[in-house]
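In short: position in the sequence shown from 1, add 516, done, that's my numbering.
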Amino acid sequence: MASVGPLVRARVLGAVIRALRESPELDPSRISELSGVAREVVRELLEVWSGGTGRLDQTRVIELAAEALERSGGSVEVLRALGWSLFEDLIGALLERMGLETLRDVRVKVGRRWCQIDVVALRGGDVYALECKHWMRSVTSSLMASIASSHLRRVELLEEGLRSSLGEGDVTVRVVPVAVALYVPPSTGEVLFVPVRALASFLSEHPAALPSPPVRRLKLGRRPDASTFTRPPFRASREATRLDAGLTRLED
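Have a look at this one:
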């Protein structure tokens, strides 16, 4: 398998992701057709990736996608094949590889207002609030401004939730609003826009070294940890949440 380069691996993995949407069974012929890679090469890769079982679950696919992205070869082919939910899983996996604690689909409800944040990541008590955008087209400045405005409203409600949960005090907690997309020019306005390929580089910087904005600073009674986001007014879940009657959701 040493002769199979990263681009071919990425093309096959992208085809695997598309094929798994059609059927839970891995069909080397179908994957070969989708990827344009010879059937025998596909079969060998599937054998290695599945550990000889012939099956790949979503967790393993995410691991393989993260590895492909880190190697950089063929990452576009992998990312184009990801649906929105798998895309968020990949972002979470990349953050965890960088040593951050991550929670998916974090919901915060303050009074009659509520919102949901795709990924919340924690490192040393600092909070990254990530909006994951699986854009497949050009990103205009007006679209970025709209995304930033919507995400900031969610982040402001997140901050209200942190104050409610942890109280106000002398502990400085940095909150970093981040929007991640496939094709987006890096920018540091009120929201940090980051292309997926540059995520590791951007987040390797300590929040204290980032400009303000996008970094926001709160004075809380203590630092948040993962358990903070599993108690009211927060709820973290991998399941889709239902719009509750009588509550006002912050619109995108």
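Every residue gets a Cβ at the ideal spot worked out from N, C-alpha and C, and that includes glycine.
Under a three-way DSSP split, which group does residue i fall into?
| i | result |
| --- | --- |
| residue 529 | helix |
| residue 590 | Because the pLDDT at residue 590 is just 49, under 50, the model does not fix this residue reliably, and the point stays unresolved. |
| residue 541 | coil |
| residue 723 | helix |
| residue 570 | coil |
| residue 693 | strand |
| residue 711 | strand |
| residue 752 | strand |
| residue 564 | helix |
| residue 738 | coil |
| residue 521 | coil |
| residue 554 | coil |
| residue 706 | coil |
| residue 656 | coil |
| residue 698 | coil |
| residue 629 | strand |
| residue 616 | coil |
| residue 597 | coil |
| residue 641 | coil |
| residue 622 | strand |
| residue 685 | strand |
| residue 732 | strand |
Given this structure, state the Cα-to-Cα distance separating residue i from residue j, to the nearest angstrom.
| i | j | result |
| --- | --- | --- |
| residue 549 | residue 573 | 21 Å |
| residue 671 | residue 645 | 7 Å |
| residue 590 | residue 567 | The predicted position of residue 590 is uncertain, since its pLDDT is 49 and thus under 50; no value can be drawn from it. |
| residue 760 | residue 678 | Note that residue 760 has pLDDT 37, beneath the 50 cutoff, so the model's placement of it is unreliable and the number below is only indicative. One C-alpha to the other measures close to 22 Å. |
| residue 561 | residue 593 | 16 Å |
| residue 538 | residue 624 | 35 Å |
| residue 615 | residue 639 | 8 Å |
| residue 658 | residue 522 | 35 Å |
| residue 727 | residue 734 | 15 Å |
| residue 551 | residue 528 | 5 Å |
| residue 689 | residue 664 | 21 Å |
| residue 695 | residue 708 | 6 Å |
| residue 563 | residue 693 | 40 Å |
| residue 764 | residue 749 | Low local confidence applies: a pLDDT of 46 at residue 764 is under 50, so the model's placement there is unreliable, with the coordinate-based value given in what follows. So the alpha carbons of these two residues sit roughly 15 Å apart. |
| residue 668 | residue 643 | 14 Å |
| residue 533 | residue 520 | 19 Å |
| residue 699 | residue 597 | 14 Å |
| residue 732 | residue 650 | 25 Å |
| residue 580 | residue 685 | 43 Å |
| residue 633 | residue 666 | 11 Å |
What residue from the options has the CA that sits closest to residue i's CA?
| i | options | result |
| --- | --- | --- |
| residue 687 | 705, 676, 737, 696 | 737 |
| residue 641 | 744, 519, 521 | 744 |
| residue 751 | 685, 681, 712 | 681 |
| residue 524 | 648, 584, 718 | 584 |
| residue 627 | 660, 676, 706, 536 | 676 |
| residue 691 | 715, 742, 729 | 729 |
| residue 739 | 683, 580, 668, 597 | 683 |
| residue 661 | 742, 705, 637 | 705 |
| residue 742 | 613, 637, 720, 666 | 637 |
| residue 717 | 576, 580, 586, 608 | 586 |
| residue 720 | 575, 576, 613, 545 | 613 |
| residue 715 | 540, 608, 633, 575 | 608 |
How close, in whole Å, do the beta carbons of residue i and residue j come, if the pair is a contact with beta carbons under 8 Å?
| i | j | result |
| --- | --- | --- |
| residue 629 | residue 673 | 6 Å |
| residue 547 | residue 531 | 5 Å |
| residue 578 | residue 606 | 6 Å |
| residue 603 | residue 648 | 6 Å |
| residue 723 | residue 711 | Actually they are not in contact, since the Cβ atoms of residue 723 and residue 711 sit about 19 Å apart, beyond 8 Å. |
| residue 570 | residue 542 | 6 Å |
| residue 697 | residue 655 | 6 Å |
| residue 582 | residue 611 | Not confirmed; about 10 Å, so no contact. |
ask   = Taking one C-beta from the segment 613 to 624 and one from the segment 550 to 560 each time, how about it: are there three or more such pairs within less than 8 Å?
value = no
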